[in-house]
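See below for the structure under consideration.
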Amino acid sequence: MSKYNRYQLSFQKLFVGIAALLLSITCFAFPGSEDVAQVTKEIDVYHARQNDMKFKEIYNDLHSDIKKVIPEKEFVDHLAKFKESYGLYESGLLIKSTVSDAVFGERKVIILYRSKYAKETIKEEFTFKKSGDGKWAIAKYAYGI
């Protein structure tokens, strides 16, 4: 093995080690970052289902708090109108995330996205709580320009 290859290999090991260290520090320095990662995956699922017009599946996975406020038919109708107005979801950018532990109540993760749809770019705010099965579920959703 040449001297150059040994240095390159050492550099790669050093880089991987530093990346692992930074990831570990991030998890400890920013409590809730794992929750934010899980919730952003749920948002990806939401947008994919929205594009595929699987509105009932979205409704079924909502937190019970939101189901108390809006019946399934009204929710499905609203999402159909939303898709007609804004078009397909294309991409999103995480603007802000907040993880809050309530003294009384449940842990919440609030995510603010700048979402690009085919017809317009909007801001979407998702509030997630853990549902009875322990999964993160949308408990509140709002959007605007």
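Counting in our numbering, the sequence shown runs from 144 upward without gaps. C-beta: ideal position from N, C-alpha, C; glycine also.
Give the C-beta separation of residue 282 and residue 221 to the nearest angstrom, bearing in mind that I take them to be a contact with Cβ-Cβ under 8 Å.
Wrong, their Cβ atoms sit about 17 Å apart, outside the cutoff.
Rounded straight-line distance, which links the Cα of residue 234 to that of residue 187
Those two C-alpha atoms are separated by around 10 Å.
Residues near residue 203 in its chain [Cβ-Cβ closer than 6 Å; skip 5 each side]:
So no residue of the chain qualifies.
6 Å CB neighbourhood of residue 185 in its chain, flanking five on each side removed
279
Which same chain residues, not among the five before or five after residue 272, have their C-beta less than 6 Å away from its C-beta?
206, 249, 251 and 282
From the DSSP output, in three-state form, read off residue 249 for me.
coil
In terms of residues, what are the limits of the beta strand (DSSP E) holding residue 281?
279-287
Please state whether DSSP places residue 197 in a helix, a strand or coil.
coil
Quick one: what does DSSP say residue 168 is sitting in, helix, strand or coil?
With a pLDDT of 48 at residue 168, under the threshold of 50, the modelled position of this residue cannot be trusted; read the value that follows with caution. Residue state, collapsed to three classes: helix.
Would you mind reading off the limits of the beta strand (DSSP E) that contains residue 240?
232-243
Residue 181 vs residue 232 beta-carbon contact at 8 Å:
no
Alpha carbon to alpha carbon, how far is residue 217 from residue 223?
10 Å
Could you tell me the alpha carbon to alpha carbon distance between residue 265 and residue 209, rounded to whole angstroms?
22 Å
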